[in-house]
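Q:
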């Protein structure tokens, strides 16, 4: 648009300015792209109408607010955030105040080089983030004294639930009983109960004092202990662990990592599994997340450990290199045989935690812990001077103080709130007080003042007079073993060193700030800076998830607005934001379906139909809720075979619970008969689960809740712009039709409680609440028209890429737009490289590695079809970047043609040897059948800007045969 002095004011205000910033191709670019696709693609809308079945088109537009500018959206959200009350929280219960070092805040948490990175499935371009994750794993194994740890879990409660199922399958006990100690975090108990019920496991809560006798009478396959306990007691767990083992079970210990710098670690106490969270290592509370939980175990259980593990291997040149280890555990390979559906981690928070440990080092962490323990002891001594009794005589950071009665407890807590502090109601006549890294002498004095006023005492204890009070830690539990001895934790303690270390790692990686990441099914779209800014606002970051509800009024409003907008986008009736990953959203949705069937007296319905094309999490989630998976065939066009579906429905009519489909399908096509599919399943009494992973192709043009879906989960970290962060954080809201709303997940202890719900699926009432402002900002700035335009542009971009590459690669499952070759895909397309394997010996993996030399992250490799690459360009990529990718793919095809023609040897060519490192190119002996320049600069543009892979192709087999998952000296690796 050209502006003049007569342009209308509303156009000059440009409320829709963000549209053009989010959507990559300009109007002129889009016209050129449509011409490339073919003469029938006369407009973007005409293209979409030719591809998307008319039968599923929305019946009404989304009712969303008129979009506003970035500045206006930030101002609106700031007003909402201001309705939260940020008090000094002494609630504890797994959440603590912490200081995020500025160098980590600015250079990791707020740095797109870290937060736009993808899951490290392509090892060579993920070396920086994987080194940080190895540091995380080392931090966990060192502090817990366990043999192996994974690269983080979603939160402590889900880690506890995963640990329970790990114990069930990894131990030798035949019992189906799981015991939880009386002082385990209540949110962990809730999530454990949710997880146990559909698996037929019994969960009992037993007081620690009665545990040995209880187990002697009734064995259990596992017991979960908290260390220190919920109310602060630091108990010697060795006798309890011995009793667990004597009864044939495994001992699980949920341990506070900061406390473990001072206390004997779980591994030395005899624990089999350790778990917990790392929130207090630099991640703000954020009303519950995202935070990196941890899970560690003994060596005997490592092959069953859920989640991801980063291991150390070697590259093609023999140099050390990192990779994801033991990948056969991943759910997309095991499918219905999977023991977990967790395919993600909280990578960005895990990186923050690991860097917090790197920055402070073992001495710094111990100093912080000792200071917390000393202030807690001083607080306890002063309370005793004031005449108060403590329930426990040991403590690390938490005290349980005895009051006269419930009235006194409530009066004290109300007075504390009035003074800007939150205490925890530990029982009817006690309160809990937890100190943390942010606690000061003044905090202790202010707490004494509250208790003195309640007791009518005028005298005040003195911190200075009590400064030498010894910590309340049992001497027999003092830590004697060293930890964090690797140089990485003992080198980067000045800000200069830390800054450069962070930069060195990020330079090794390829993230969205460098180039397009064309991953199919993963939607690596723009994470706009304005969307990211609010997540570190104190009004969002500083709130405790279990603070009184009135203190979370801003979050409540944010939740109401965002869920309302998601209802408009999906066509459903209700939404829960509690699931903190897409996998948890799937799980919660299937739990809702099972609970609905049970409420109707049809709990026997447990058959879940799943197409061959489904995401790997689908069958894994189904087995987690006690369903039996039955696979449905797909036809030659990639659609569900309706004849086979009908046969399966008829066969299992009495027991049919649900079908899980992905729409558009995982093959990247809009199945034209999806409404028939939904109606067929409904006719046989089943419910329809529509996996929302591909909502980026639906928002504004079709709604699952309208065309027959009963349940969907969404990936806010895909369609709604929350960044992947290297493999987490995420939010996986579950959306349902009206009659399933009562069965949405929620806590029994407040927050999002729903009558008849299936229980909690994550530790906090709002899950990963702190990143919800990102999606709020995106929708607020885009509005209904902007979101629709984004969807249409995503489809346009994918069809443009397909059209440009159709003459060079087979486009798998492409229906064509009115017969135009290369068109007809949804928002992603599959390049079939299997024929090239036959003619040249070049595999899809070879192409993926060669793309690194061109400066690109590879598309999704061998999913959903082996030997293919699935490309999703997203609406945020400009035409120039789409062309750069297409040019690279065409150039690679020419290299393959040279192999086919015999010009390049089948075993010594740029693809087989990719990626090429700078070191290998500078080596004195170059014996390859192609030049160094061809290896390094296959297209001229790379000479102006080149990403260099830090390692050559990583040897996966070596990594699994020689498993190292923590920081190890290179000499030790070589000796193996």
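Numbering (our numbering), first residue to last: 55 to 1030. We put the beta carbon where it would ideally sit given N, CA and C, even for glycine. Remember, it's a predicted structure, so these values are computed and weren't measured experimentally.
1. Excluding the five sequence neighbours on either side, which residues of its own chain have a C-beta within less than 7 Å of the C-beta of residue 1031, listed in chain order?
2. Give the secondary structure of residue 688 by DSSP, where H, G and I count as helix, E and B as strand, and everything else as coil.
3. Find out if the Cβ-Cβ distance for the pair residue 134, residue 612 is shorter than 8 Å.
4. Check each candidate in 65, 98, 684 and 907 and name the one with the smallest Cα separation from residue 878.
5. Any idea which residues DSSP pairs residue 883 with across the strands?
6. Three or more beta-carbon pairs under 8 Å between the region 300-310 and the region 272-288, yes or no?
7. Could you spell out where the alpha helix (DSSP H) holding residue 628 opens and where it closes?
8. To the nearest angstrom, report how far apart residue 425 and residue 432 are at their CA atoms.
9. Helix, strand or coil: how does DSSP classify residue 662 here?
10. Please report the distance separating the alpha-carbon of residue 287 from that of residue 154.
11. DSSP on residue 175, reduced to helix/strand/coil?
12. Quick one: which unbroken alpha helix (DSSP H) runs of 4-plus residues sit fully inside the region 710-785? Chain order, please.
13. If you drop the 5 nearest sequence neighbours on each side, which residues of the same chain put their C-beta closer than 6 Å to that of residue 255?
14. Who are the Cβ neighbours of residue 1008 in its own chain at under 7 Å, not counting the five residues just before and after it?
15. Within 10 angstroms of its Cβ, does residue 1023 collect 16 or more other Cβ (buried), or is it exposed?
16. Do the region 907-915 and the region 829-836 make contact, defined as three or more Cβ pairs closer than 8 Å?
17. How would you write the range of the beta strand (DSSP E) that residue 374 sits in, first residue to last?
18. In whole angstroms, what is the alpha-carbon distance linking residue 372 and residue 678?
19. Can you give the Cα-Cα distance for residue 882 and residue 143, rounded to whole angstroms?
20. Starting from residue 327, follow its DSSP beta bridges and name the residues at the other end.
21. Report yes if the CB atom of residue 403 is closer than 8 Å to the CB atom of residue 339, and no otherwise.
22. Suppose only complete runs of 3+ residues qualify. What are the beta strand (DSSP E) ranges in the region 584-635, listed by chain order?
23. Nearest-angstrom Cα distance between residue 1033 and residue 363?
24. Please classify residue 618: is it buried, with 16 or more other beta-carbons within 10 angstroms of its beta-carbon, or exposed?
25. Do residue 401 and residue 782 have their C-beta atoms closer together than 8 Å?
26. Does DSSP put residue 363 in a helix, in a strand, or in coil?
27. So residue 789 and residue 762 are in contact, right, with Cβ under 8 Å, and what is the actual spacing, rounded?
28. Opposite residue 281 in the DSSP bridges: which residues?
29. If we ignore side chains and look at the alpha-carbon of each, how far apart do residue 66 and residue 183 end up?
30. Does the Cβ of residue 138 have 16 or more other Cβ atoms within 10 Å, making it buried, or fewer, making it exposed?
31. Suppose contacts are defined by Cβ-Cβ distances below 8 Å. Is residue 285 in contact with residue 445 by that definition?
32. Indicate the three-state DSSP secondary structure (helix, strand or coil) for residue 505 in the structure shown.
33. Among the residues of its own chain, which have a CB less than 6 Å from the CB of residue 897, if the five just before and after it don't count?
34. Do you know offhand how far residue 346's Cα is from residue 729's?
35. Please state the DSSP three-state secondary structure of residue 454.
36. Give me the DSSP bridge partner(s) of residue 232.
A: Looking at the atomic coordinates:
1. Nothing can be reported for residue 1031, as the shown portion of the chain is limited to 55 through 1030.
2. Here the question's residue 688 lines up with position 634 in the chain shown. Residue 688: strand per DSSP, three-state reduction.
3. Here residue 134 refers to the residue found at position 80 when the chain shown is read from its first residue. Here residue 612 refers to the residue found at position 558 when the chain shown is read from its first residue. Taking the C-beta atoms as reference points, residue 612 is found nearer than 8 Å to residue 134.
4. Translated into the one-based positions of the chain shown, residue 878 becomes position 824. The residue from 65, 98, 684 and 907 with its alpha-carbon nearest to that of residue 878 is 98.
5. Position 829 of the chain shown, counted from the start, is the residue given in the question as residue 883. Paired residues: 925.
6. Contact holds: three or more Cβ-Cβ distances are below 8 Å.
7. By 1-based counting over the chain shown, the position of residue 628 is 574. It is not in any alpha helix (DSSP H) - residue 628 instead sits in the beta strand (DSSP E) that spans 628-630.
8. The residue labelled residue 425 in the question sits at position 371 within the chain shown. The residue labelled residue 432 in the question sits at position 378 within the chain shown. Rounded to the nearest whole angstrom, the CA to CA distance from residue 425 to residue 432 is 10 Å.
9. As a working note, residue 662 is residue 608 in the chain shown. Of the three classes helix, strand and coil, the one that applies to residue 662 here is strand, per DSSP.
10. As a first step, residue 287 is located in the chain shown; it is residue number 233 there, counting from the start. As a first step, residue 154 is located in the chain shown; it is residue number 100 there, counting from the start. Their Cα atoms are separated by approximately 27 Å.
11. Within the chain shown, residue 175 is the residue found at index 121, counting from 1. Note: residue 175 maps to coil in three-state DSSP.
12. Fully enclosed alpha helix (DSSP H) runs of 4 or longer: 728-737 and 758-761.
13. Counting from one through the chain shown, the residue named residue 255 turns up at place 201. Only 230 and 232 meet the Cβ criterion.
14. In the chain shown, the residue the question calls residue 1008 occupies position 954. If we look at residue 1008 and ignore the five residues flanking it on each side, its Cβ neighbours are 177, 178, 367, 369, 375 and 377.
15. The residue you call residue 1023 lines up with position 969 of the chain shown. Note that residue 1023 scores a pLDDT of 48, beneath 50, so its modelled location is shaky; the value from the coordinates is reported in the next line. Exposed is the call here.
16. Verdict: no, contact absent.
17. One-based indexing of the chain shown puts residue 374 at position 320. In this chain, the beta strand (DSSP E) harbouring residue 374 covers 374-379.
18. As a first step, residue 372 must be located in the chain shown, where it is residue number 318. As a first step, residue 678 must be located in the chain shown, where it is residue number 624. Approximately 41 Å between the Cα atoms of the pair.
19. Along the chain shown, one-based indexing puts residue 882 at 828. Along the chain shown, one-based indexing puts residue 143 at 89. Distance between the alpha carbons of residue 882 and residue 143: 46 Å.
20. Mapped onto the chain shown, residue 327 falls at position 273. Partner residues in the beta bridge of residue 327, as assigned by DSSP, are 306 and 351.
21. Residue 403 sits at position 349 when you count from the first residue of the chain shown. Residue 339 sits at position 285 when you count from the first residue of the chain shown. No. Outside cutoff.
22. DSSP runs (the beta strand (DSSP E)) wholly in the region 584-635: 628-630.
23. Residue 1033 lies beyond the residue range present for the chain, which begins at 55 and ends at 1030; the question has no answer from this structure.
24. As a position in the chain shown, residue 618 is number 564, starting the count at 1. It counts as exposed.
25. The residue labelled residue 401 in the question sits at position 347 within the chain shown. The residue labelled residue 782 in the question sits at position 728 within the chain shown. Cβ atoms of residue 401 and residue 782: closer than 8 Å.
26. Here the question's residue 363 lines up with position 309 in the chain shown. In the three-state reduction of the DSSP assignment, residue 363 falls in the strand class.
27. Counting from one through the chain shown, the residue named residue 789 turns up at place 735. Counting from one through the chain shown, the residue named residue 762 turns up at place 708. Cβ atoms of residue 789 and residue 762 stay farther apart than 8 Å, at about 14 Å.
28. Position 227 of the chain shown, counted from the start, is the residue given in the question as residue 281. Its beta-bridge partners are 309.
29. Against the chain shown, residue 66 aligns to sequence position 12. Against the chain shown, residue 183 aligns to sequence position 129. Taking the straight line from one Cα to the other gives about 43 Å.
30. Here residue 138 refers to the residue found at position 84 of the chain shown. By the neighbour-count criterion, in which 16 or more other beta carbons inside 10 Å mark a residue as buried, residue 138 falls on the buried side.
31. Position 231 of the chain shown holds residue 285. Position 391 of the chain shown holds residue 445. A contact, by the Cβ cut-off of 8 Å.
32. Taking the chain shown and counting its residues from 1, one reaches residue 505 at position 451. Residue 505 falls in the helix class under three-state DSSP.
33. On the chain shown, residue 897 is found 843 positions in, with the first residue counted as 1. Taken in chain order, the residues that qualify are 891.
34. The count along the chain shown starts at 1 and reaches residue 346 at position 292. The count along the chain shown starts at 1 and reaches residue 729 at position 675. Distance from the CA atom of residue 346 to the CA atom of residue 729, rounded to whole angstroms, is 40 Å.
35. Residue numbering aside, residue 454 sits at position 400 when the chain shown is read from its first letter. Looking at residue 454 - three-state DSSP - the assignment turns out to be strand.
36. Position 178 of the chain shown holds residue 232. Its beta-bridge partners are 257 and 276.
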